[in-house]
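Number of protein chains: 2
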Amino acid sequence: MRNPDIDLAELAKALAHPARLRILRLLLATPGCIGGDIVDAIGLAQSTVSEHLRILKAAGVITGEISGPRTCYALNPTALEPLGEFIGALTPPSARTCCVPDQKEIP
Amino acid sequence: MRNPDIDLAELAKALAHPARLRILRLLLATPGCIGGDIVDAIGLAQSTVSEHLRILKAAGVITGEISGPRTCYALNPTALEPLGEFIGALTPPSARTCCVPDQKEIP
DNA sequence: TTCGTTCATCGTCGATATGCGATAGGGTGG
DNA sequence: CCACCCTATCGCATATCGACGATGAACGAA
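Chains as they are written, first to last, in our numbering: chain A, 1009 to 1115; chain B, 1009 to 1115.
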């Protein structure tokens, strides 16, 4: 991709919804494989939750493997690293004196 | 606010656009005060850039102080810290062994 | 005061996102 | 094979976003 901002914007867009953030928290707190339990935990319609999962999967933030009759969703930890580095570059050095990840890669 | 996910989603939404990411990069690379130069650098209409600046300011990501005939925009580095911590919690420990910012504050 | 510069706001349009019910697909069990 | 559970997809309605031109408001300079 010629413009990295587009990819970063896609990542940010995937996080730009409370329901999707809730799903990510749920995946973070659940070690194993969860499927329809997400629907009950989120409180939205099954089709709506499925759409949010599709968006997260399209952004690469999560992975969905079919495991028998259900789908196993899990976090893809590396996907958010570029966005994390971008935010880290905007964060002042005073808050990250312990870890400066080469600021020259951002511009 | 009862639900912190809403605030995080607002922050992420502020970053969910290439033009706004470009503006943030520009502010990061420009030490002093910039105003209309942003319009030329972004390549969009002045009203469109003003709208993006309004969104960023509403999210608290930037500050805009009126300095004479122009407005001085600057980064507000602390605004993105909650989102950065959230992403850090989703990022695997292997990628941040140098700086673990107390993961228990996220849930 | 009058002009020019700079930025914010308004109205509008098309595009996109969000939510739901209904429906189809696919695998497991009986 | 058939029925059941889980998931994905399809339409559709509403809401929000993104972009622009035009207009308005504030300030400094002449």
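Note that beta-carbon positions come from the ideal geometry of N, C-alpha and C, so glycine has one too.
Cβ-based neighbour list, residue i, same chain, cut-off 8 Å, excluding 5 preceding and 5 following
| i | result |
| --- | --- |
| residue 1042 of chain A | 1034, 1035, 1080 and 1081 |
8 Å Cβ cut-off: residues of chain B touching residue i
| i | result |
| --- | --- |
| residue 1083 of chain A | 1098 |
| residue 1034 of chain A | Those do not exist, as residue 1034 of chain A stays about 11 Å from chain B at its closest Cβ, beyond 8 Å. |
Straight-line gap, residue i to residue j (C-alpha atoms, nearest Å)
| i | j | result |
| --- | --- | --- |
| residue 1085 of chain B | residue 1018 of chain B | 16 Å |
| residue 1094 of chain A | residue 1045 of chain B | 22 Å |
| residue 1053 of chain B | residue 1060 of chain B | 11 Å |
| residue 1070 of chain A | residue 1023 of chain A | 12 Å |
| residue 1100 of chain B | residue 1038 of chain B | 33 Å |
| residue 1089 of chain A | residue 1098 of chain A | 14 Å |
| residue 1055 of chain B | residue 1026 of chain B | 16 Å |
| residue 1092 of chain B | residue 1015 of chain A | 17 Å |
| residue 1075 of chain A | residue 1031 of chain A | 19 Å |
| residue 1012 of chain B | residue 1083 of chain B | 22 Å |
| residue 1096 of chain B | residue 1077 of chain A | 33 Å |
| residue 1063 of chain A | residue 1063 of chain B | 23 Å |
is_contact[residue i, chain A] using C-beta, thresh 9 Å
| i | result |
| --- | --- |
| residue 1065 of chain B | no |
| residue 1077 of chain B | no |
| residue 1020 of chain B | yes |
| residue 1049 of chain B | no |
Residues near residue i in its chain [Cβ-Cβ closer than 7 Å; skip 5 each side]
| i | result |
| --- | --- |
| residue 1057 of chain B | 1046, 1047 and 1050 |
| residue 1029 of chain B | 1023 |
Under 7 Å by beta carbon: chain A residues contacting residue i
| i | result |
| --- | --- |
| residue 1029 of chain B | 1013, 1016 and 1017 |
Listed by chain order, chain B residues near residue i by CB distance under 9 Å
| i | result |
| --- | --- |
| residue 1068 of chain A | Chain B residues near residue 1068 of chain A: none, gap ~12 Å exceeds 9 Å. |
Minimum Cβ-Cβ distance from residue i to chain B less than 9 Å
| i | result |
| --- | --- |
| residue 1038 of chain A | no |
| residue 1053 of chain A | no |
Chain B contact residues for residue i, given Cβ-Cβ distances below 7 Å
| i | result |
| --- | --- |
| residue 1095 of chain A | 1088, 1091, 1092 and 1095 |
Chain-order list of residues whose beta-carbon lies under 6 Å from that of residue i (same chain, five-residue window excluded)
| i | result |
| --- | --- |
| residue 1065 of chain B | 1072 |
| residue 1087 of chain A | 1068 and 1069 |
| residue 1113 of chain A | Note that residue 1113 of chain A scores 42 on pLDDT, short of 50, meaning its location in the model is unreliable; the coordinates nonetheless yield the value given after this. Contacts found: none. |
Closer than 9 Å at the beta carbon, the chain A residues around residue i
| i | result |
| --- | --- |
| residue 1061 of chain B | Chain A residues near residue 1061 of chain B: none, gap ~16 Å exceeds 9 Å. |
Nearest-angstrom Cβ-Cβ length linking residue i and residue j, presumed shorter than 8 Å
| i | j | result |
| --- | --- | --- |
| residue 1020 of chain B | residue 1067 of chain A | Rounded, the Cβ-Cβ distance is 11 Å, inconsistent with contact. |
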